[in-house]
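Colleague:
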Amino acid sequence: MLTALNELLQTVDARPTPAAYLAASRQLERFTDRLQPVRVALLSSFTIEPLKPYLQVECARRGLAADVYVGKFNTARQELLDPAGECVAYGPDVVFVAELLGDVCPQLTTDFLALNDDDVDQIIDEAVGNAVSAIGAFRHASSAAVVVHNFAMPRRTVLGRYDGMARVSEADAINRLNRRLARDISAIPGAYVLDVCGAAAQVGYRHWYDDRLWFLARTPLAAPALEALAREQAAISRVLRLPARKCLALDLDNTLWGGVLGEAGVAGIALGSGYPGNAYHHFQHCVLQLHRRGVVLALISKNNQHDVDEVFRAHPDMVLKPEHFAATRINWQLKPDNLLEIADELSLGVDSFVFFDDDTAECSLMRHALPEVMTVQAPQDASRLFEVLIGAEAFDRLSITSEDLRRGQMYQEQTARKRAANASGSIEEFLRSLDMSAAIRSLDAFAFPRVANLIEKTNQFNLTTRRYSATDLHAMASDPTQAVFYLQLADRFGDNGIVGVAVLRHHDRIVDLDTLLLSCRVIGRTVETALLAFIIEWAQERGADVVEGDFIPTAKNAAAADFYARHGFQRISETGSAASRWRLAVAETPVQWPSYIQLHVPATA
Amino acid sequence: VTTVDDGSLSRLLSTIATVLDVDASVLSDEVSPGSIEAWDSLNHLNIAMAVESEFGVSFSAQQVMDMGSIGLIREALREQGVNI
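Residue numbers (this note's numbering), protein chains in the order written: chain A, 1 to 605; chain B, 1001 to 1084.
#1: Can you list, in chain order, the residues of its chain whose CB lies under 6 Å from that of ARG466(A), leaving out five sequence neighbours each side?
#2: Using the rule of at least 16 other Cβ atoms within 10 Å of the residue's Cβ for burial, across every protein chain shown, is THR609(A) buried or exposed?
#3: When burial is assigned at 16 or more other CB atoms within 10 Å of the CB, is MET165(A) buried or exposed?
#4: Can you tell me where the beta strand (DSSP E) holding CYS105(A) begins and where it ends?
#5: Specify the secondary structure class of SER133(A) as computed by DSSP and reduced to three states.
#6: By DSSP, does ASN6(A) sit in helix, in strand, or in coil?
#7: Whose C-alpha, out of THR529(A), PHE534(A), VAL239(A), HIS368(A), is nearest the C-alpha of ALA392(A)?
#8: From what residue to what residue does the beta strand (DSSP E) around VAL70(A) run?
#9: Based on the DSSP output, what are the partners of VAL266(A) in its beta bridges?
#10: I need the DSSP call for LYS73(A), collapsed to helix, strand or coil.
#11: Give me the chain A residues within the contact set of ALA1061(B), using Cβ-Cβ distance strictly less than 7 Å, ordered along the chain.
#12: Give me, in chain order, the residues of the same chain whose beta-carbon lies closer than 7 Å to that of SER1010(B); leave out the 5 immediate sequence neighbours on both sides.
#13: List the residues of chain A that SER1053(B) touches, going by C-beta distances under 8 Å, in chain order.
#14: Is there a Cβ of chain B sitting closer than 8 Å to that of THR219(A), yes or no?
#15: Got a sec: is the Cβ-Cβ distance from SER45(A) to anything in chain B below 8 Å?
#16: Can you tell me which of the three DSSP states ASP550(A) falls into?
#17: For ALA477(A) and PHE138(A), I'd like the C-alpha separation in whole angstroms.
#18: Leaving out five residues on either side along the sequence, give the residues of the same chain with a beta carbon under 7 Å from the beta carbon of ALA314(A).
#19: Go ahead and pull the three-state DSSP assignment for PHE1059(B).
#20: Measuring straight from C-alpha to C-alpha, what distance separates PHE1059(B) and PRO449(A)?
#21: Please report the distance separating the alpha-carbon of SER1008(B) from that of ALA223(A).
#22: Measure the Cβ-Cβ separation of ALA217(A) and LEU1013(B) and say whether it is below 8 Å.
#23: Kindly identify the DSSP beta-bridge partner or partners of PRO37(A).
#24: Which one of ASP444(A), ALA423(A), PHE353(A), ILE124(A) has the shortest CA to CA distance from ASP184(A)?
#25: Please report how far the alpha carbon of THR1002(B) lies from the alpha carbon of PRO16(A), in whole angstroms.
#26: At a Cβ threshold of 8 Å, is GLU49(A) touching chain B?
#27: Against chain A, with Cβ distances strictly below 8 Å, would ALA1050(B) count as a contact?
#28: Going by CA-CA distance only, name the one from LEU43(A), GLY204(A), ILE510(A), PRO336(A) that's closest to ALA369(A).
#29: Going residue by residue through the stretch 448-511 of chain A, where are the continuous beta strand (DSSP E) segments of at least 3 residues, counting only ones entirely within it?
#30: Taking the DSSP output, what are the residues bridged to MET165(A)?
#31: Does chain B have any CB closer than 8 Å to the CB of ALA392(A)?
#32: Tell me which same chain residues have a C-beta within less than 8 Å of the C-beta of ALA378(A), skipping the five on either side of it?
#33: Alpha carbons only, please: which of LEU115(A), ALA141(A), ASP118(A), ALA127(A) is nearest the one belonging to TYR90(A)?
#34: Just curious, the beta strand (DSSP E) that GLN289(A) is in, first and last residue?
#35: List, from N- to C-terminal side, the alpha helix (DSSP H) runs of 4 residues or more that fit wholly inside the stretch 9-34 of chain A.
#36: Measure from the alpha carbon of TYR486(A) to the alpha carbon of each residue in LEU532(A), VAL546(A), ASN459(A), ASP508(A), then state which is nearest.
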């Protein structure tokens, strides 16, 4: 069935004409049940209907069946502001707000030369302020993600070649507007920016705008722009709807360097100056940048360990070092087996891996054995390595948290912890040796993205697996009967960051444990006991008699199954049903703060 | 149909048929927005873009506006040097 979908998409790729997109979009219905549904609303200040078939095709390419609502002509603002409007009633997952510069800041397009620098600032303030308040209003009515299109450069400016030098220039004004939009929109929970300006630059302005269509029908975009915009929207929808990839498992020969190490020797591989060595060298720099922004790296290569060690030790042009890799398997085993071992070692789901290898047979073996891995074949042409890898869109994110930026390092620290665990005689000895210290705080702006991310993604140690949107989370944190706490853990190997979240509800002398979850990297370190001890104290302070909570079993949360029983809770629901409810009387609780963790009381708490 | 056809006409009709989601056999020079329901203002633009892309030509805004029938689309294509 999905082969048939691929064939359909290939006919579009062979000749990506408007007719091909239209024809393909009509045939997508038969694949709907194999794809993840997504409800997309398009709100705009211009005629955006022509985008719809392109969007549906590009969504299908990314595993999404898009149902698309197109707002009425030029009603974007009304739709956002009206809680009883059609857009809210449609119940979208994602709303794209596409407005034109001429509609949002008419003066910037019609009478630019009459403005001075302060005028431009004022116009930008007002335009961004209006957008922020419209989206803020929409936030109260809907939890859909809102994606605001930024603004493309004009195709030609009145100042012509002087524009790049002018004190007040159109290009500079648009750049300022876009930067301001990025800052203010991304501060709203669940709101993001689509970089139309960047997409248009990639396509080329000559192919982006169609003045004829603009004057005939108020639709400004040429066919290549529709195609590119649909790709951007579909890629963003995928990030919002499908799980993110976290780990890049790389091959070595003809992937990180040219040639076969076992045959050519350390001095004979292509890496460094001159083609193709310079292309592999450049690709290593790109991979290092991915590592720096939080992609976990692993190596899976059929080679002799000794030879590879020698390359890392002696080759002057190796950009990547052993410490950049969280796990390596240099051996002659089957690569899917190696990948499964690495997944286990790093406590990562197999579906969070991208496998990048030049060998056709290895790629097809991986696709066959582990279809949930995203397998991307490295191109023969070394100059295209990064283009192909990044073109797979595997590591796209809509926000990068400080946790992401530290993730690569965290996995190295994790490996050091594992080594320490293996060296310790007993688990108690190991836990004591970690020198853990924890801080627990109420949800604050600093922690918000990471907490939202944990609530959205945590599967293993999660009592209830309740998913809340950023909007829900905001509402819960500001509700006096509810509380959201997070736990941050450090140990002698480094900072683990935010690894625990609890959502509590207080009513009628009961504290209800709505959500309690732990990041999988700290399971088994008594952190859940620390969090529970804190919750019990919090419940006592508020005069509650009991703490109650549900356990809702899923395919993945067995790690949390004995949490209640282990901490002296009594089961109060009938046995037999899948979900269970548990109660603990706070007065006679046996739960104590674990001795392995030092409580670090934050100055601000 | 009086011009010598090198396959251009069938390409045109099949392109328009795809946009309008109808069988190419129902299309003729006389077919216009008034005679076929699917030919609305949105599909008018789609037809113009699809035909441009199929034949590698670029119509003027006036030509797009004047494409009131398939015969007139052929005329616009001839003005662009297409033998149709």
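Glycine included, every Cβ here is placed at the ideal spot set by N, Cα and C.
Please read these numbers as outputs of a predicted model, since none were measured by experiment.
Modeller: Quick answer:
#1: THR515
#2: Past the boundaries of the shown model lies residue 609(A); chain A is included only from 1 to 605, so the question cannot be answered.
#3: exposed
#4: Counting along the chain, CYS105(A) falls outside any beta strand (DSSP E), and DSSP gives it neither H nor E.
#5: helix
#6: helix
#7: Nearest of THR529(A), PHE534(A), VAL239(A), HIS368(A) to ALA392(A), Cα basis: VAL239(A).
#8: 64-70
#9: None, per the DSSP bridge assignment.
#10: Per the sequence shown, the amino acid found at residue 73(A) is Phe instead of Lys. Residue state, collapsed to three classes: coil.
#11: Contacts between ALA1061(B) and chain A, judged by CB atoms closer than 7 Å, involve ARG212, PHE215, LEU216 in chain order.
#12: none
#13: THR17, PRO18, ALA19, ALA223
#14: Yes, THR219(A) lies at the interface with chain B (some Cβ there is under 8 Å from its Cβ).
#15: no
#16: Looking at ASP550(A) - three-state DSSP - the assignment turns out to be strand.
#17: 19 Å
#18: VAL266
#19: coil
#20: 49 Å
#21: The alpha-carbon atoms of SER1008(B) and ALA223(A) are separated by roughly 22 Å.
#22: no
#23: ALA65(A)
#24: ILE124(A)
#25: Note that THR1002(B) has pLDDT 49, beneath the 50 cutoff, so the model's placement of it is unreliable and no number is given.
#26: yes
#27: Interface residue, yes.
#28: Of the candidates LEU43(A), GLY204(A), ILE510(A), PRO336(A), the one whose C-alpha sits nearest the C-alpha of ALA369(A) is PRO336(A).
#29: 482-491, 494-507
#30: DSSP lists no partner for MET165(A).
#31: With its beta carbon at least 8 Å from every one in chain B, ALA392(A) lies outside the interface.
#32: ASP251, ASN254, THR255, PHE356, ASP357, ASP358, LEU385, VAL388, LEU389
#33: If we check each option's Cα against that of TYR90(A), ALA141(A) comes out closest.
#34: From DSSP, GLN289(A) is part of no beta strand (DSSP E) but of the alpha helix (DSSP H) over 277-292.
#35: 18-27
#36: LEU532(A)
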